[in-house]
Amino acid sequence: MRLKKCHITNFRGIKNKIEVCFDDFIVIVGINDAGKSTILKALDLFLNDSEASRDMLNISAENQLVEIECVFNANHKDIIIDDSVTTTFELEGLTNEEGLLHIKKVYNTSLSRITPEVFIKRKKFENSDFVLLPEDGLRKLCQKFGISTAKANGDIYNNVEKRQKLRNY
Numbered sequence: 037m038r039l040k041k042c043h044i045t046n047f048r049g050i051k052n053k054i055e056v057c058f059d060d061f062i063v064i065v066g067i068n069d070a071g072k073s074t075i076l077k078a079l080d081l082f083l084n085d086s087e088a089s090r091d092m093l094n095i096s097a098e099n100q101l102v103e104i105e106c107v108f109n110a111n112h113k114d115i116i117i118d119d120s121v122t123t124t125f126e127l128e129g130l131t132n133e134e135g136l137l138h139i140k141k142v143y144n145t146s147l148s149r150i151t152p153e154v155f156i157k158r159k160k161f162e163n164s165d166f167v168l169l170p171e172d173g174l175r176k177l178c179q180k181f182g183i184s185t186a187k188a189n190g191d192i193y194n195n196v197e198k199r200q201k202l203r204n205y
């Protein structure tokens, strides 16, 4: 996956939301105190789960929340979500309208232990959103619509296959 852009709000010297776009080759240049290191530290916090602290909050922030969002080109790369079954972010409906993986982390600096709340901004599927259904829920929904949950050889479809069959239906 490739990082396409990053949004940073209330982090160190950054108060208002900024957007940093990335391409194949990136150079960050600027005078002292322009925010070059701040961008890198925000990325380190997001990508490496570095330790968050209260002093990362911008001193002029209007609330106690530091927000960092990263948008990645998912490129149909294989992932494993459950059951050791290979799938992709796209097939699982975890990408946004542009087909990008958009993850947002919010750090509440008013808490004694600062751990991020993690959100995935993804496209809406209305009545065919099955990503959070457990296996039992998927099986029941397949039965409701008359979709077979067993293959011709008697093996049961895995959850990835059930979700895909439901979306196709």
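With positions in the sequence shown counted from 1, the corresponding number in the working numbering is that position plus 36. The beta carbon of each residue, even a glycine, is placed where N, CA and C say it ideally should be.
Compare the C-alpha of residue i against each of the options and name the closest.
i      : options                        : result
Asn99  : Phe125, Arg38, Arg175, Lys51   : Lys51
Leu169 : Asp60, Ile150, Asp191, Asn195  : Asn195
Tyr193 : Ala110, Thr124, Arg175         : Arg175
Ile150 : Gly182, Leu101, Glu197, Thr185 : Leu101
For residue i, does the count of other Cβ atoms within 10 angstroms reach 16, so buried, or fall short, so exposed?
i      : result
Ile44  : buried
Cys42  : buried
Cys57  : exposed
Phe155 : exposed
Arg203 : exposed
Ala70  : exposed
Arg199 : buried
Leu83  : exposed
Thr123 : buried
Glu105 : buried
Distance check for residue j and residue i, CA to CA, integer angstroms please.
i      : j      : result
Phe161 : Lys187 : 26 angstroms
Lys141 : Arg158 : 14 angstroms
Gly66  : Leu39  : 21 angstroms
Leu127 : Ile139 : 17 angstroms
Gly173 : Leu79  : 37 angstroms
Glu103 : Lys53  : 9 angstroms
Val107 : Ile116 : 20 angstroms
Phe125 : Asp165 : 14 angstroms
Val121 : His112 : 15 angstroms
Met37  : Glu55  : 19 angstroms
Could you tell me whether the Cβ atoms of residue i and residue j are closer together than 8 angstroms?
i      : j      : result
Ile64  : Ile75  : yes
Lys72  : Arg48  : no
Asn46  : Ala110 : no
Leu136 : Leu130 : no
For residue i, would you say it is in contact with chain C, using Cβ-to-Cβ distances shorter than 8 angstroms as the test?
i      : result
Asn195 : Looking at the structure shown, chain C is missing, and only one protein chain is on hand.
Inset, instruction - Decide if the stretch 75 to 90 is in contact with the stretch 138 to 156; the criterion is three or more beta carbon pairs, one per stretch, under 8 angstroms apart. - result: As far as the Cβ criterion goes, the stretch 75 to 90 touches the stretch 138 to 156, which means the pair count is three or higher.
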